[in-house]
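Structure record follows, encoded as structure tokens.
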Amino acid sequence: MGLTFLDRDNRWCRSFDGVDGGWQGLACREEGQWRVELLVQAPADTGELRQAGAGMAPELLAAIDARIKGEALDAERERAVVASGWRQP
């Protein structure tokens, strides 16, 4: 998983990478289920160190930017939200 955040419709969303690394996507939780909203080809990995988010496809970054409300969760907050059954804050 990549970033986890609340979107403007108060749904939990997560970015993710495909198992083979060839694609990336965005899924949002609605009515107790995850629904994939975007699936794109991942950018080529150059093997260089990069800033967080730099390895995301531009379409994925744009989709997150258009949806995100506030900040992405840090690891501790994400664990708490998952443990709560994805209840809203």
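With the sequence shown counted from 1, adding 126 to any position gets you the numbering used here. Ideal Cβ positions, reconstructed from N, Cα and C, are used throughout, including at glycine.
Q: Specify the secondary structure class of R205 as computed by DSSP and reduced to three states.
A: helix
(Q) Buried or exposed for S141, going by 16 or more other Cβ atoms inside 10 Å? (A) buried
Q.
Please identify the residue among G158, T130, L164 and D146 whose C-alpha is closest to the C-alpha of A188.
A. L164
(Q) Here's the rule I'm using: 16 or more other beta-carbon atoms within 10 Å means buried, otherwise exposed. How should R205 be labelled? (A) exposed
Q: For G151, verify whether its CB is less than 7 Å away from any heavy atom of the ligand GTP.
A: Ligands are entirely absent from the displayed structure, and the ligand GTP is therefore not among its contents.
Q: Tell me whether W212 sits in a helix, a strand or coil according to DSSP, three-state version.
A: coil
Q.
Buried or exposed, going by whether 16 or more other CB atoms sit within 10 Å of the CB of E174?
A. Here the model assigns E174 a pLDDT of 48, short of 50, so the residue's position is not dependable, and the following value carries that caveat. So E174 counts as exposed.
Q. I think A168 touches W160, with their Cβ atoms under 8 Å apart; what is that distance to the nearest whole Å?
A. Not really, about 19 Å apart at Cβ, beyond 8 Å.
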